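Colleague:
Number of protein chains: 2
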Amino acid sequence: MTHLPASTSPTLLGLRPIRLLAGLSDEALSDIAQAAQFTRYRRGQTIMTRETHERDLCLISAGRVRVIMLAPSGREVRFRDIQAGGVFGEIAALDGKPRCATVLAQEDTLIARLAPDALGPLLQRHWPVCERLLRGLASAMRDLTDRVYELSALNVQQRLIAELLRQATPAHDGEARAWIDPAPRHTDLAATIGTSREQVSRELAALARDGLVQRDDDRLCLTLVDRLSDRLAGLATTD
Amino acid sequence: MTHLPASTSPTLLGLRPIRLLAGLSDEALSDIAQAAQFTRYRRGQTIMTRETHERDLCLISAGRVRVIMLAPSGREVRFRDIQAGGVFGEIAALDGKPRCATVLAQEDTLIARLAPDALGPLLQRHWPVCERLLRGLASAMRDLTDRVYELSALNVQQRLIAELLRQATPAHDGEARAWIDPAPRHTDLAATIGTSREQVSRELAALARDGLVQRDDDRLCLTLVDRLSDRLAGLATTD
């Protein structure tokens, strides 16, 4: 990582893409830019490490990051990818405990770090920013709640179907097919639904044998979306 | 449930136990009490149903509630029990989408419901309340993140050990033993770690055979806490 010296420090321009700060005046953005520490990371670098004690709120000025945890077995548990304009690190910034996940730069990435003692005054002064942060936390909690449910109550095939349906774009209104373009990598699916790559490959092969999915060049076609939904809703849980 | 008519409506007294509102003046509490709708639920009644569209923030004036989801298979996925003084329903109150979980009264319970359009002004006017809500959301996100990790990367025995260690009270400093008193019910453990009651019973029997846990009257004794921790950290994942 590279800390940028003050002379070359991106000014408020670096904060313009941040959705959390949308609508703030140039003056307010300048104040935040002065309090922020801008840091560049190269693709693949670790931006944040689980269990460490730093507590900055991180604003993604440019680039893309991935939030993960690594199991002792080496298995990656993937939480979310966040694009430029998004934020991460809210949990430790707000509750004061160590980092609960690890964050990696997926591209060359520019982060504006805001120290926790600058966050409180910012939220107090600008209610729309505070409201957006509250709404973002609520939405992240909703996603995590759904994911705990799926991991607890659905078997691997059902979790795979749920994830494929989330990723797919319907071909046309009322059509039975939907597409994922490009086709998702089996390792990515495995890290997202909490299983092994081998198990994803087995379950995709089983869905293909049943005529429910079909590889088509670089895309994956869900051939019968309704029947996939039925299978998701109806199958009994297995352990 | 019983809506209380205005004449018998609990006044600010009903809001005094709510930790989110701690430190507010009697005048501020009276304003909130007037905006709130107090409702009584009997033990076992449903207070909130997943997928419904009401969006009140719910303050637990008295009693205790349980947040769950039910799978089509009938399996219960348990999120958390919340005591008097706590709040629930923040997610839909903040992001405006349908309820993402179901909430049941575990005892006779008195809820003060605050409509979403009363929540914004309350948070804007009282920064300590807003800060406490932010911290509570962050802490809930941390718990959910850990749970997604455990469900994704740990096998059933490891998840069981993690939950037993969370529930246990060490006997004395430096001692190898810890106790859970009373011993947890197998169905409760199953709903919490995302497996079946039968599987919990099998894994507890396996831990007992290895001398790691022992039933002692109404309590469960973890006889070798260090070896349980090692097993949690070291075992490879199985699927």
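As given, the protein sequences belong to chains A and B, one line each in that order. Take UniProt numbering: the final residue in the first sequence is number 239, and no numbers are missing along the way. Take UniProt numbering: the final residue in the second sequence is number 239, and no numbers are missing along the way. For glycine and all other residues, C-beta sits at the position ideal for the given N, C-alpha and C. Since the model is a prediction, treat every value here as computed from it, not as a measurement.
#1: Would DSSP call A/Ile161 helix, strand or coil?
#2: Determine the DSSP secondary structure at B/Ala115, reduced to helix, strand or coil.
#3: Can you pull the DSSP bridge partners for B/Pro170?
#4: Entirely within the segment 70-112 of chain B and at least 3 residues each: give me those beta strand (DSSP E) ranges in chain order.
#5: If we cut at 8 Å on Cβ distances, does A/Pro17 have a partner in chain B?
#6: For A/Ser23, which of A/Ala92, A/Ala93 and A/Glu131 has the nearest alpha-carbon?
#7: Compare the C-alpha of B/Gly85 against each of B/Ala101, B/Ser73, B/Ile60 and B/Ile91 and name the closest.
#8: Compile a chain-ordered list of the residues in the segment 117-146 of chain B whose CB is closer than 8 Å to at least one CB of chain A.
#9: For B/Ile161 and B/Asp26, I'd like the C-alpha separation in whole angstroms.
#10: Just tell me which of A/Ala105, A/Ala93, A/Asp95 and A/Ala168 has its CA closest to the CA of A/Ile82.
#11: Would you give the residue range spanned by the beta strand (DSSP E) that A/Thr39 belongs to?
#12: Mind checking which residues open and close the alpha helix (DSSP H) that includes B/Leu59?
#13: If you draw a straight line from the alpha carbon of B/Asp210 to that of A/Arg75, how long is it in whole angstroms?
#14: Which residue from B/Leu212, B/Leu133, B/Gln157 and B/Asp181 puts its Cα closest to that of B/Glu90?
#15: Taking B/Gly151 as the query, report the chain A residues whose CB atoms sit under 7 Å from its CB, ordered along the chain.
#16: Which of helix, strand or coil does DSSP assign to A/Leu222?
#17: Based on the DSSP secondary-structure assignment, which residues constitute the bridge partners of A/Val148?
#18: Could you give the DSSP three-state label for B/Thr52: helix, strand or coil?
#19: Alpha carbon to alpha carbon, how far is A/Phe88 from A/Cys100? Give it in angstroms, no decimals.
#20: I'd like to check one pair, A/Ala138 with B/Leu228: are the Cβ atoms closer than 8 Å?
#21: When the Cα atoms are used, what is the spatial distance from B/Ala71 to B/Ala115?
#22: Considering only their Cβ atoms, is the gap separating A/Ala35 from A/Leu12 smaller than 8 Å?
#23: With contact counted as at least three CB pairs below 8 Å, one residue from each stretch, are the segment 213-221 of chain B and the segment 179-198 of chain B in contact?
#24: Cβ of A/Arg177 within 8 Å of Cβ of A/Leu220?
#25: Taking only beta carbons into account, state which residues of the segment 59-83 of chain A come closer than 8 Å to chain B, listed in chain order.
#26: Tell me which same chain residues have a C-beta within less than 8 Å of the C-beta of B/Asp239, skipping the five on either side of it?
#27: If you follow the alpha helix (DSSP H) that B/Gln199 is in, where does it begin and where does it stop?
Modeller: Here's the rundown:
#1: helix
#2: The answer is coil: DSSP assigns B/Ala115 none of H, G, I, E or B.
#3: B/Ala178
#4: 76-83 and 102-105
#5: no
#6: Inspection of the sequence shows that residue 23 of chain A is occupied by Gly rather than by Ser. For A/Gly23, the nearest C-alpha among the options comes from A/Glu131.
#7: Out of B/Ala101, B/Ser73, B/Ile60 and B/Ile91, B/Ile60 has the C-alpha closest to the C-alpha of B/Gly85.
#8: For the segment 117-146 of chain B, the set of positions with a beta-carbon nearer than 8 Å to some beta-carbon of chain A reads Gly120, Leu123, Gln124, Trp127, Cys130, Glu131, Leu133, Leu134, Arg135, Leu137, Ala138, Ser139, Ala140, Met141, Arg142, Leu144, Thr145 and Asp146 in chain order.
#9: The straight-line gap from Cα to Cα measures roughly 46 Å.
#10: A/Ala105
#11: Gln37 to Tyr41
#12: From DSSP, B/Leu59 is part of no alpha helix (DSSP H) but of the beta strand (DSSP E) over Leu57 to Ala62.
#13: 27 Å
#14: B/Leu133
#15: A quick correction: the sequence has Leu, not Gly, at residue 151 of chain B. Simply Val148, Leu151, Ser152 and Gly194.
#16: strand
#17: In the DSSP assignment, A/Val148 forms no beta bridge with any residue.
#18: coil
#19: Spanning the alpha carbons of A/Cys100 and A/Phe88 requires a straight line of approximately 11 Å.
#20: no
#21: Each residue's alpha carbon lies about 29 Å from the other.
#22: no
#23: yes
#24: no
#25: Met69, Ala71, Pro72, Ser73, Arg75, Val77 and Phe79
#26: Because B/Asp239 sits at a pLDDT of 39, beneath the cut-off of 50, its placement in the model cannot be relied upon, and the following sentence gives the value as read from the coordinates. Answer for B/Asp239: Asn155, listed in chain order.
#27: Arg197 to Arg209
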